[in-house]
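Structure record follows, encoded as structure tokens.
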Amino acid sequence: MRSKLFAKKTMALTMAALMAMGALAGCGSKSEEPAPAEAPAETGGDQAEAPAESTGEGVTIKFQYWADNTDYSQLMQDIIAKFNAENGKGITVVGEEAPWDGGSYSENLFNAKMGGGDVDVSTWKLTSTPLFVNNDLLADLTPFIDAWDKKDDIDQNMYDVMKQAGGSDSIYVMPWNVQVLYVYYRPSIFEQAQIEVPTTYEEFLTAIEKCTLDTDGDGKTDVYGFGMRGSNGGQEPWGSFVHGRGGSFEDMTTAESIQGMQDFIDIYNKGFVPPSAAGDGFQQIIDNFKSGLTAMTIHHTGSSAQMVETFGDDVSAFPFPAGKGQWTSMGDTETVIFESCENKEAAFEWVAYLAAGEGQKMWCEGTGNVPVSKTVQAGDFFQNDRFMKASIDGQSYAGILPILDTTTEWISTIWPETMSQALTGKLSAEEAMNTLQEELYR
Amino acid sequence: MVKKRSIWPYLLVAPAVLVILCVVFVPVINAILMSFQSYDLRRPKDIGFTGLANYIEALGDAKFQSAFFKTIIWVVAGVGFQFLFGFMLALLLNKSFKGRGVVRAVSMIPWVTPGVLIGLMWSWIYDGNRGVLNDILMKLHLINDKIPFLAQDGTAFPGVIVTIIWQGIPFFALMLLAALQGVSTDMYEAADIDGAVGWQKLFYITIPSIKNTIFVTALLRVIWVANSVDVIFNMTEGRFGTLTMSVYVYQKGNALDLGYASAMAIIMALCLLVVAIPYLRSNFREEG
């Protein structure tokens with residue numbers, strides 16, 4: 001009897017332990033121990049030999065990418081099919097799409113690679129570079145680029161940015177395309193609000209206020225001046241406000257930076273943006289603009305085709321105007337080859353095709369992204385488009401967030417969380433900026 | 001008669017034991033080891049033993065403390081109402097009425113729907129601009145302006161709690177219905193003869209008869225709800241006062257700070273053990 005009771009007690013304890021352990025199981029499913037860094041001499045030796053590898057006869061390259069919508073998914077598959085059919089070197093690219101998921105793409109990719117995932121090439125964001133380089137996951141592309149006949153078709157500045165991201169003189173990231181953020185606006189609403197396209201930061205703030213309209217006279221706002229992105233990805237348009245007041249990412253605690261944050265909070269509190277703005281992400285700002293709920297919003301040429309499809313001529317764009325400072329986000333997209341790729345030369349053929357070949361032209365024309373290839377940039381498609389013009393006009397002051405090992409978490413968690421607290425009054429502008437500064441430069 | 005010992009039973013359970021060891025125990029041991037290290041994959045060169053530093057940091061972390069209390073509310077309100085409505089649904093489905101089979105099948109829909117889809121669906125319902133809830137409330141003249149339910153502190157947490165309640169009701173209903181069907185009708189007939197009224201039969205016959213099922217089901221749900229990430233993450237990502245411990249652990253794990261995430265996960269597991277052990281012990285003691 002006693003032993004039976006003991007057995008039951010033991011069983012009860014075991015059951016409880018097993019069930020509670022479920023909480024830990026997910027956390028423990030970590031990736032494998034990071035490999036120790038190779039000696040520079042060895043790494044250099046491997047890389048020097050890389051271009052001499054086989055030309056990839058009968059080689060398969062596994063390529064992972066994200067696409068913003070189903071049209072772009074199809075476009076990428078078309079590019080892959082064209083490359084496979086025409087490369088003449090027996091290289092077969094197998095494209096697999098993964099969701100961008102508000103930036104979790106990079107984290108998921110990292111987990112996959114640390115766990116031994118077999119992706120050879122992937123589309124990329126510069127902010128992830130330190131993490132992958134620190135863990136020796138990326139192939140050094142320098143010898144491939146140096147030996148590439150189209151190297152000069154891409155501006156040297158792009159290579160310098162890529163080097164900066166990797167923190168050394170080596171290039172780990174292949175330029176592909178950029179997206180310069182600009183302001184979408186509805187000319188008909190500007191006309192209704194009796195304003196012109198703003199040319200200064202102050203005029204832009206005034207335009208936001210004036211475009212907030214009660215169109216049917218029922219005392220309620222029908223059109224909001226600005227489609228604010230308070231959720232993931234919102235740090236890019238927000239950065240323009242901070243710089244508009246003369247602030248910077250290097251020191252977000254200056255009076256100028258705090259004032260930029262205060263402007264952002266003010267347009268929310270004054271009702272110039274939809275009440276849902278604190279939680280709005282990419283899809284919401286696009287939907288709100290397309291439904292006519294907002295008069296302006298900030299995005300890049302990646303959404304211009306659907307804007308034109310919705311509004312025809314009643315949509316246009318202007319570069320984010322200058323205040324004490326001027327900045328807009330250069331949303332970069334690149335490609336990388338992983339160190340684990342066994343056929344780097346074949347993989348380079350593919351990334352080169354995307355950077356300066358037919359793949360560059362097809363992708364940039366299809367998505368409206370700004371090409372990095374000078375030859376492609378010179379084409380009529382890019383010279384005669386009003387959204388592309390706004391992008392090109394913004395290129396001179398476009399920039400990126402500081403690339404640190406904290407940047408990914410800062411973008412995906414810290415900024416949205418801090419911003420939601422600032423917008424809902426739990427943090428002042430100053431407190432919010434102190435938090436953002438502290439977390440980015442931790 | 002002496003029973004002959006055979007290796008067969010052990011061989012038969014060996015695969016299951018092996019799988020459990022691989023998918024539960026190895027990661028758990030890994031997590032425990034990592035919790036004592038600075039294990040941030042963004043800074044692989046700094047990985048090393050740090051003793052209780054992660055635990056001390058977690059216990060002093062205001063965000064973690066807030067998440068702890070939010071988790072208590074999340075579990076108590078979520079599981080409490082799931083039980084209440086699940087029990088009501090089970091009592092209803094235990095009665096004979098026309099179309100009962102269809103109602104039983106339909107009532108299971110929330111339980112079989114993936115958490116991610118539930119999060120998306122309720123996000124649309126609560127949407128501050130085009131959500132059906134705002135539309136209904138405005139048409140009923142209950143509100144004048146649309147409410148961004150999931151983008152403000154006062155409504156976001158109740159919003160996600162309602163969602164988890166909706167998701168969990170069928171599980172309680174299913175388990176309790178099965179238990180109800182095992183309660184002998186003789187007891188109700190005897191109670192009728194003694195003049196017992198409805199509530200007396202409920203509290204003196206029905207509930208005591210299915211007590212063990214209620215215990216086990218509630219315990220399972222407490223652990224599942226406490227560990228649940230998908231609904232909150234898909235609706236608010238833990239913002240606007242909805243950050244529970246499991247979501248915070250997920251965020252830190254996703255940010256690759258695995259040492260800190262592991263320490264928080266272990267604290268959470270210990271908290272759940274505190275709930276689970278006395279619960280199961282008392283349950284088994286009564287049975288014994």
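Quick mapping for you: the protein sequence lines, in order, are chains W and Y.
The first sequence maps to residues 1 to 442 in the working numbering.
The second sequence maps to residues 1 to 288 in the working numbering.
Note that beta-carbon positions come from the ideal geometry of N, C-alpha and C, so glycine has one too.
In the three-state reduction of the DSSP assignment, residue 152 of chain Y falls in the coil class.
Taken in chain order, the complete beta strand (DSSP E) segments of 3 residues or longer contained in the segment 321-389 of chain W are 328-337.
In this structure, DSSP gives residue 141 of chain Y a state outside helix and strand, which the three-state scheme calls coil. Residues of chain W with a Cβ closer than 8 Å to the Cβ of residue 240 of chain Y are, in chain order, 278, 279, 420 and 424. The Cβ atoms of residue 316 of chain W and residue 224 of chain W lie no closer than 8 Å to each other. Under the three-state reduction of DSSP, residue 300 of chain W is assigned to coil, being neither helix nor strand. Secondary structure note for residue 97 of chain W: its beta strand (DSSP E) is the uninterrupted segment 91-97. DSSP places residue 418 of chain W within a helical segment (H, G or I) once states are collapsed to three. At a cut-off of 8 Å between beta carbons, residue 434 of chain W makes no contact with chain Y.
Scanning its chain for C-beta atoms nearer than 6 Å, with the 5 sequence neighbours on each side dropped, one finds around residue 223 of chain Y the residues 272, in chain order. Under the Cβ criterion of 8 Å, residue 54 of chain Y is not counted among the residues facing chain W.
DSSP, reduced to helix, strand and coil, places residue 228 of chain W outside both helices and strands of the structure shown, so it counts as coil. Nearest C-alpha to residue 170 of chain W among W:358, W:336 and W:350: W:336. Listed along the chain, the chain W residues whose CB falls inside 7 Å of the CB of residue 212 of chain Y amount to none; the nearest CB is some 13 Å away.
Of all residues in the segment 113-144 of chain W, those with a C-beta nearer than 8 Å to a C-beta of chain Y are 114, 130, 131, 134 and 135, reading in chain order.
The alpha carbon of residue 330 of chain W has as its nearest neighbour, out of W:177, W:137 and W:112, the alpha carbon of W:177. Taking C-beta atoms under 8 Å as the contact rule, residue 170 of chain Y and residue 208 of chain Y fail to qualify, at a distance of about 24 Å. When 7 Å is used as the limit between beta carbons, residue 413 of chain W is near these residues of chain Y: 251 and 255, in chain order.
Runs of the beta strand (DSSP E) lying entirely within the segment 121-200 of chain W, each at least 3 residues long, are 121-124, 174-180 and 182-185 in chain order.
Residue 363 of chain W has its alpha-carbon roughly 41 Å from the corresponding atom of residue 270 of chain W.
At a cut-off of 8 Å between beta-carbon atoms, residue 194 of chain Y makes no contact with chain W. Between residue 320 of chain W and residue 240 of chain W, the C-beta gap is smaller than 8 Å, which places the two residues in contact. Counting only the Cα atoms, residue 155 of chain W lies some 19 Å from residue 365 of chain W. In this structure, residue 173 of chain Y and residue 84 of chain Y do not form a Cβ contact; the two beta carbons are roughly 11 Å apart against a cut-off of 8 Å. The Cβ of residue 170 of chain Y sits no closer than 8 Å to any Cβ of chain W. Look at the beta carbons and you see the segment 148-165 of chain Y touching the segment 235-252 of chain Y: at least three pairs across the two are nearer than 8 Å. Among the residues of the segment 147-161 of chain Y, those with a Cβ less than 7 Å away from any Cβ of chain W are 148, 150, 151, 152 and 153, in the order of the chain. Residue-level contact check: residue 293 of chain W touches chain Y, since one or more beta carbons of chain Y fall below 8 Å from its beta carbon.
Contact of residue 57 of chain Y with chain W is not assigned, every C-beta pair being separated by 8 Å or more.
Taking a contact as a CB-CB distance under 8 Å, the pair residue 260 of chain Y and residue 58 of chain Y counts as one, their CB atoms being some 7 Å apart.
Boundaries of the beta strand (DSSP E) harbouring residue 62 of chain W: 59-65, taken from the DSSP string. When the Cα atoms are used, residue 79 of chain Y and residue 73 of chain Y turn out to be separated by approximately 10 Å. Using a Cβ-Cβ cut-off of 8 Å, residue 288 of chain W counts as an interface residue toward chain Y, since at least one Cβ of chain Y sits closer than that to its own. Only 230, 231 and 232 from the segment 230-245 of chain W bring a Cβ to less than 8 Å from some Cβ of chain Y. Among the residues facing chain W, residue 129 of chain Y is included, as its CB has a counterpart in that chain under 8 Å away. Each of W:70, W:303 and W:207 was checked against the Cα of residue 179 of chain W, and the nearest Cα belongs to W:303.
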